[in-house]
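For reference, the structure is listed below as structure tokens.
2 protein chains.
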Amino acid sequence: MAVRRLDAPRDVEVPAELLTTDAHDLVARDDVDLVVEVIGGIEPARGLILEALENGASVVTANKALLAEDGPTLYEAAEKAGTDLYYEAAVAGAIPILRPLRDSLVGDHVTKVMGIVNGTTNYILDKMDTYGAGFEEALAEAQELGYAEADPTADVEGFDAAAKAAILASLAFHTRVTASDVYREGITEVTAGDVASAKAMGSVVKLLAIAELDGDDVSARVHPVMIPRTHALATVRGAYNAVFVESASAGDLMFYGQGAGGEPTASAVLGDLVTVARAKVLNTRGFGESAYAARAVRPMGDTVTRYHVSLDVADKAGVLAAVATAFSEHGVSIKAVRQEGRGEDAQLVVVSHEAPDAALAATVQHLREMEYVRDVASVMRVEGAV
Amino acid sequence: MAVRRLDAPRDVEVPAELLTTDAHDLVARDDVDLVVEVIGGIEPARGLILEALENGASVVTANKALLAEDGPTLYEAAEKAGTDLYYEAAVAGAIPILRPLRDSLVGDHVTKVMGIVNGTTNYILDKMDTYGAGFEEALAEAQELGYAEADPTADVEGFDAAAKAAILASLAFHTRVTASDVYREGITEVTAGDVASAKAMGSVVKLLAIAELDGDDVSARVHPVMIPRTHALATVRGAYNAVFVESASAGDLMFYGQGAGGEPTASAVLGDLVTVARAKVLNTRGFGESAYAARAVRPMGDTVTRYHVSLDVADKAGVLAAVATAFSEHGVSIKAVRQEGRGEDAQLVVVSHEAPDAALAATVQHLREMEYVRDVASVMRVEGAV
């Protein structure tokens, strides 16, 4: 076992002769069949994993960042050496999602994957939903309870979820998607007003990692989404994770559980370890990369989405007509409108039909510039039947 | 393809030369590598599957009844012939549950599995919960909409769920549990009052297939259960299925999706088919039976459960004391009591702590015979934190 410090305090007693600080020396040994990498980050993890694979060892890793940045390189090294590369712990902790996608659903046609794959942001949004808290307040509570780190950027800006979105998109659609292909918006701009607006619609705000097939292309994105409370993903509370899969024959599936933590990660790593060991004993291999489909990643502007827009407008005749015209000028058709007068002002809530994201964004920009529109109070993408 | 009638109308056109009515002849052929059995029931399915396995073919089946009655015989035949036996479709349709239990969680320690594995009964109970309907009314609606069969016995009496409970218990605890080992109560006795009583507690009534480890023993049972609405299983509506797994390291996991129907079944069968074919190409085998633990199945009376009891009692001093004494005489301690006066009468709701089921049943019998107790309005087992 390679560690940073030989004398660091450990929960489990490990005989001193099993510890080393020289990881390179360890992975290069002749008698190593399998290397478990739980360092995280790009380097030195990548170098060590490649060394291990080239040396004929199989690798089990929980390293989502590396897989999302450079998965194909690792897969190619494993392929060349005839060894295994497993990483169940990289997405949604102990929730088995890689095997269902690689194995159980292999005879089906997956069309969309939507995941709550970051426990920190789900915890924060859940608190905002439950107590009407603002983002800063909910973040502070999450930090106090250990659900968020002192520097929460990787979580709240969606970087962690984007890495997982890339892995999910690659697996679900048998192609190569990297973290940099993923459109990313975090939750720092989500306000108590957005959450209240969702609540009034019978919906809830979640940060989703979405991988979707659009014709032959793939859309991979992370952003806050309004989903109806009747959707299975809406029931995922606290720091829990869940991955919702839409497929042609199996229909809708959801996989739910703890997304993070030492023990769930250990469970997933051990499951992989046994699978890889079993394959070795049988003198065979597990799954290799399945990337037979070279798919383009669709830019966000061309991706079809739906918007929920809440506007503070002057309570005058003609306002609704003007707003409706703004939508139609951008080729966006309206699915539902709700207007509530409040004396001088009115609140206008519009839910669009599906349209390219760029057209929706342009519509919102147009609304911001309209005389009648006092404030664009909330803009949120929508998933699930509303 | 062996069929009952060569000229039956089919959705898919099948060339006549691929059809036969002689299934035995088909499974005995030399050029058959893999047999898919979707006949259902014990015979002739068992004979055909054994013939196929003995003949060196692998078998993919959706036959829960046969697996729950005689799984070990099939496994032994597969083991002897060095072939594969897969049956993902047998439990919870297309929801991948066999692979997670056999593979992903193999390094973990599963302690309990609770499944909503019968869509018909979940549909009925959901309608009773949503509209306050009685059992007969909800069943009639389910039959009208095709969610229940004209003879609903297998579903509403829990036989279907019991077969699945046996399969889940065998897989989760690496032992052999058959359908006849499973304690079974259906939902025909569940009243609108039971459901209303659950609702008042913030709970919902579900028919659960439960497989639980108790020391070295296994408890396998199917019965109506009151679970809090905050539990992930409470959110499973309509005819959907879900399997909730508690494990030592991964924590709580849930697998959710469509439990029945031709397409979900086809998806699961195809997934198995590809897995088995892949193993054949690699000249290896998939999972065999994992039954290394010879566990006793604990009789229901000795199984530890919790009860929710709702009583109509005389509104007099001393009633609560008398009821509490009845519980303590049977060694059952009380977790919570709620009493509501209604003039002459009062309603007394008691939730017990954990106790052997026989002691709880004896307590209820005792309550029925008490002078002060006018009616034992509802008795229901409880799972999840209340």
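In order, the protein sequences belong to chains A and B. Its first residue numbered 1, the first sequence is counted upward by one per residue in full-length UniProt numbering. Its first residue numbered 1, the second sequence is counted upward by one per residue in full-length UniProt numbering. Note that beta-carbon positions come from the ideal geometry of N, C-alpha and C, so glycine has one too.
What did DSSP end up calling residue i once you bin it into helix, strand or coil?
i	result
A:Asp345	strand
B:Leu207	strand
B:Thr21	coil
A:Thr153	helix
B:Arg176	coil
A:Ser267	helix
B:Tyr147	coil
B:Ala293	coil
A:Met300	helix
A:Thr305	strand
B:Ile39	coil
A:Arg184	strand
B:Ala277	helix
B:Ile116	strand
A:Val14	coil
A:Thr284	coil
A:Ala2	strand
B:Asp252	strand
A:Val27	helix
A:Val110	strand
B:Leu105	coil
A:Gly93	coil
B:Gly262	helix
B:Gly257	strand
Given that a residue counts as buried once 16 or more other Cβ atoms are within 10 Å of its Cβ, and exposed if not, what is residue i?
i	result
A:Lys127	buried
A:Met254	buried
A:Ser378	buried
B:His223	buried
B:Val182	buried
A:Val236	buried
A:Arg46	buried
B:Gln365	exposed
B:Asn283	exposed
B:Ser170	buried
B:Ile42	exposed
A:Val372	A quick correction: the sequence has Tyr, not Val, at residue 372 of chain A. Buried.
B:Glu51	buried
A:Gly193	exposed
B:His330	buried
B:Ser180	exposed
A:Arg306	buried
B:Leu18	exposed
A:Asp30	exposed
A:Arg99	buried
B:Val281	exposed
List the whole-angstrom C-beta distance separating residue i from residue j, where the pair is believed to meet the contact cut-off of C-beta under 8 Å.
i	j	result
A:Ala346	A:Val313	5 Å
B:Lys64	B:Ala163	5 Å
B:Val323	B:Leu360	So it is not a contact: roughly 14 Å between Cβ atoms.
A:Arg285	A:Gly71	Incorrect: roughly 17 Å between the Cβ atoms, too far for contact.
A:Ala89	A:Val269	5 Å
B:Asp315	B:Glu344	6 Å
B:Leu207	B:Ala161	6 Å
B:Ala250	A:Ala94	3 Å
Closer than 7 Å to a non-hydrogen atom of the ligand MN - does that hold for the CB of residue i?
i	result
B:Ala296	Among the components of this structure there are no ligands whatsoever, and the ligand MN is therefore not found.
Using a Cβ-Cβ cut-off of less than 9 Å, list which residues of the stretch 249-260 of chain B approach chain A; keep chain order.
Ser249, Ala250, Gly251, Asp252, Leu253, Met254, Phe255, Tyr256, Gly257 and Gln258
Identify each residue in the stretch 80-98 of chain A for which the Cβ-Cβ distance to at least one residue of chain B is less than 7 Å, and report them in chain order.
Listed by position along the chain: Glu88, Ala94, Ile95 and Pro96.
Taking the runs of the alpha helix (DSSP H) that are 4 residues or longer, which of them lie wholly in the stretch 53-89 of chain A?
The qualifying runs are 64-81.
Sequence ranges, alpha helix (DSSP H) only - wholly within the UniProt domain "ACT" (308-381) of chain B, length at least 4:
Contiguous alpha helix (DSSP H) elements confined to the UniProt domain "ACT" (308-381) of chain B occur at 319-329 and 357-368, taking only those with 4 or more residues.
Between the stretch 96-122 of chain A and chain B, which residues of the former have CB atoms less than 7 Å from a CB of the latter, in chain order?
Pro96, Arg99, Pro100, Asp103, Ser104, Leu105, Val106, Gly107 and Asp108
In the stretch 187-246 of chain A, which residue ranges form an unbroken alpha helix (DSSP H) of at least 4 residues, counting only runs that do not cross its ends?
Runs of the alpha helix (DSSP H) inside the stretch 187-246 of chain A: 192-200.
Which residues, taken in chain order from the stretch 288-315 of chain A, show a beta carbon closer than 7 Å to some beta carbon of chain B?
none
Short of 7 Å Cβ to Cβ, which residues in the stretch 5-36 of chain A face chain B?
none
Contacting positions in the stretch 267-285 of chain B - beta carbon closer than 9 Å to chain A:
Ser267, Ala268, Val269, Leu270, Gly271, Asp272, Leu273, Val274, Thr275, Arg278, Ala279, Leu282, Asn283, Thr284 and Arg285
Between the UniProt domain "ACT" (308-381) of chain B and chain A, which residues of the former have CB atoms less than 8 Å from a CB of the latter, in chain order?
none
Got a sec: which bits of the stretch 229-247 of chain B sit with their beta carbon under 9 Å from any beta carbon on chain A, in order along the chain?
Thr230, Ala232, Ala234, Thr235, Val236, Arg237, Tyr240, Ala242, Phe244, Val245 and Ser247
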